[in-house]
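Some notes on the structure that comes next.
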Amino acid sequence: IASPILTQKVNFEVIFLLIDTHVHLNDERLYQDLKLHIQEANEVNVTKMICIGYDIKSSQKAIEIANQYDGVYASVGIHPSEVKKASINDLDKIAAMLNNKKVVALGEIGLDYYWDKTFIDLQKEFFIKQLEIAKKYDKPVIIHMREAALDTFDILKQYRLPGVMHCYSGSLEMAHRFIDIGMYLGIGGVVTFQNSKEIKRVVEGIDLKYIVSETDAPYLAPVPYRGKLNRPKYIREIVEKIAEIKSVDVSVVEKQIEENVKKLFNI
């Protein structure tokens, strides 16, 4: 009797990259165990990260880290909360850093009226000058915006640069306005918080092709790690929450974010 022919069905699963577009590996809380955090992230398929600078020193450190690790890139800039400590000459240093091939964006820059409103004019001056640098060097921008949505929008619309609204916290209406002038929305751990109704409404109401994922580590760890040290490997919890809100498979979100990041940052 002839033996039956045994057939085996093989399933091929397409693996997409998980990408953290905003992480502070240059923060001492992560930097002291840098190799471990990058290794742990790689083990859960977080293979690309953008390390964000916020002043001259942190921007230089971001470049050093990016030059050390293949999957890490850097963004350089002067944060609105740091402009009082900076000088106009520092902007020349930021511009020079953009020549490094691992620097993919200018930021974290923008406006922050939450902590201190006494130097708004200086914030605007540095913001505008850095946007001009980004325009000259053809770099996307990473925007910090806190309680300054209208001023941020009014300035950005004059430059029409591509970029990311980091840790987006505005309304759905403003989200559409920022998207209309070329911006993507950075969605981080806040979207997993139980009381974060507005950002969930934003994620539900915009197309995935305008979303990128970020941890902002070591800050704002997602549920179930809220209140603890945030790590780049936790980007998965954020992506899974986005998929849940959009009622799509996680792979759909992963694929679209990967395409968005490639398009925006050319990586």
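If you use the working numbering, the sequence shown corresponds to residues 1409 to 1675, in order.
All residues carry an ideal CB built from backbone N, CA and C; glycine is no exception.
Looking only at C-alpha atoms, which of the options sits nearest to residue i?
i: D1529; options: L1514, P1548, S1489, S1659; result: S1489
i: Y1567; options: R1639, E1666, A1542; result: A1542
i: H1430; options: A1625, D1657, H1584; result: A1625
i: I1619; options: K1443, M1573, N1497, R1585; result: M1573
i: C1685; options: Q1664, K1671, A1557; result: As shown, the chain starts at 1409 and ends at 1675. That puts residue 1685 outside it, with no answer to give.
i: L1514; options: Y1521, L1616, L1506; result: L1506
i: K1660; options: K1617, L1637, V1631; result: It should be pointed out that residue 1660 corresponds to Val in this sequence rather than to Lys. For V1660, the nearest C-alpha among the options comes from K1617.
i: I1550; options: S1579, K1525, L1519, I1446; result: L1519
i: E1666; options: Q1440, V1454, Y1439; result: V1454
i: V1583; options: R1609, G1635, V1598, I1471; result: Correcting the residue identity first, residue 1583 is Ala in this sequence and not Val. It is R1609 whose Cα lies nearest to the Cα of A1583.
i: L1593; options: S1604, S1621, N1603; result: S1621
Could you check if residue i is buried or exposed, using at least 16 other CB atoms within 10 Å of its CB as the buried criterion?
i: G1613; result: exposed
i: Y1522; result: exposed
i: G1485; result: buried
i: T1600; result: buried
Taking the continuous alpha helix (DSSP H) assigned at residue i, which residues delimit it?
i: T1560; result: 1557–1564
i: H1445; result: 1442–1451
i: K1532; result: 1528–1545
i: I1471; result: 1464–1476
i: Y1439; result: 1436–1439
Is residue j closer than 8 Å to residue i when the C-beta atoms are compared?
i: V1452; j: K1641; result: yes
i: E1516; j: H1552; result: yes
i: N1425; j: K1456; result: Checking the sequence shown, residue 1425 turns out to be Leu, not Asn. Contact: yes.
i: E1645; j: V1631; result: yes
i: N1475; j: C1459; result: no
Taking the beta strand (DSSP E) that residue i belongs to, which residues open and close that run?
i: L1514; result: 1511–1520
i: L1426; result: 1426–1431
i: A1482; result: 1480–1484
Secondary structure, beta strand (DSSP E): runs of 3+ residues fully inside the stretch 1577–1642
Counting whole runs of 3 or more residues, the stretch 1577–1642 contains the beta strand (DSSP E) stretches 1591–1595, 1619–1621.
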